[in-house]
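Its first residue numbered 0, the sequence shown is counted upward by one per residue in numbering that gives the first Met the number 0. First up is the structure itself, then whatever we jot down about it.
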Amino acid sequence: MIKFITESTEYLQGKGFDNPEVGIILGTGLGQLINEIDIIAEASYNHIPNFPTATVEFHKGKLIYGNLEGIKVVVMQGRFHVYEGYTLQDVTFPVRIMEKLGVKTLLVSNAAGAINLDFKKGELMLIDDHINLQGSSPLAFKGVSELGERFADMSAPYDDAINSKFESIATANNITLHKGVYASVVGPQLETRAEYRMLKIIGADAVGMSTVPEIIVANHLGLKAAAVSVLTDECDPDNLKPVDIGEIIAMATKAEPDMITLFKELIKTI
Ligand code: HPA
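Okay, here's the thing in structure tokens:
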């Protein structure tokens, strides 16, 4: 793994990825943040050595380097999911590359279903803690201890200082920003009513199919990490309607301007 990481990093450095400070993973509902960045360099996932092979849907996946509000950032436009057949090590490989490039802070966004029914679709949730329900760990491989502490601490996986800043920015800009626990499942199927009930009982406020592996690896590498979910549907087991993926995407798009404000304003404080 170390050799692979070095190769990929050197390729990107050769393309001009020069010492970014912040890494950003753009999930559904934050794609337009890219328009706010002065792009200096970019690399398609399928050209970066050792990157997971992009699937057909992901032929557009790119790593972008540039300036956002005066800060050097590296941005993943498109992420890898376990439900596409990637391993957890594949899904999190780009986080290891970002760290090797120089990143100290990782900011992540995603779309999630609201388990806490006080939260409404179209609103945002700051992730305060998580529950890993993906069945394994991105740290479960031979040689992991060469890259960091195998028994990585998870007592505070989301950075308190960043989260406080997100909350102040939300207040100042009249953005509803809930705070809660995100549970990650494999997907790609949505949950059954019984699964939504279980998720509520175990303490989840939102459920989605990403983010947790990336945050685990960020912590493994000692990065500061934070994540925001856009809530795209309300997971009410007693009134469950068939999910309309079009509606999920529409909700994510609707919340995008708020999400962009949060990330742009936060970057200014780093
Ligand atoms: N479950 C899992 N992932 C999701 C959901 C959901 O209800 N909504 C958006 N992503």
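No residue lacks a Cβ here, since even glycine has one placed at the ideal position from N, Cα and C.
Here Asp159 carries a helix assignment [DSSP, helix/strand/coil]. DSSP places Lys2 within a helical segment (H, G or I) once states are collapsed to three. Here Val90 is not near Val102, since their CB atoms are 8 angstroms or more apart. At least one heavy atom of the ligand HPA falls within 7 angstroms of the beta-carbon of Glu190.
In the structure shown, Met197 falls within a helical segment according to DSSP collapsed to helix, strand and coil. Under DSSP, Val107 shares a beta bridge with Ile24, Ala226. Leu261: member of the alpha helix (DSSP H) spanning 244-267, first to last residue.
Here the C-alpha atom of Asn49 lies approximately 46 angstroms from the C-alpha atom of Asp237. Shown here, His177 sits in a strand according to DSSP, grouped into three states. Rounded to the nearest whole angstrom, the C-alpha separation of Ser136 and Pro212 is 7 angstroms. Listed in chain order, the non-local C-beta contacts of Ala169 below 7 angstroms within the same chain comprise Leu176, Leu261, local neighbours out to five positions each way being set aside. A heavy atom of the ligand HPA is found nearer than 7 angstroms to the CB of Met208. By the Cβ criterion, the stretch 112-132 is not in contact with the stretch 83-99, since fewer than three pairs of Cβ atoms, one from each stretch, lie closer than 8 angstroms.
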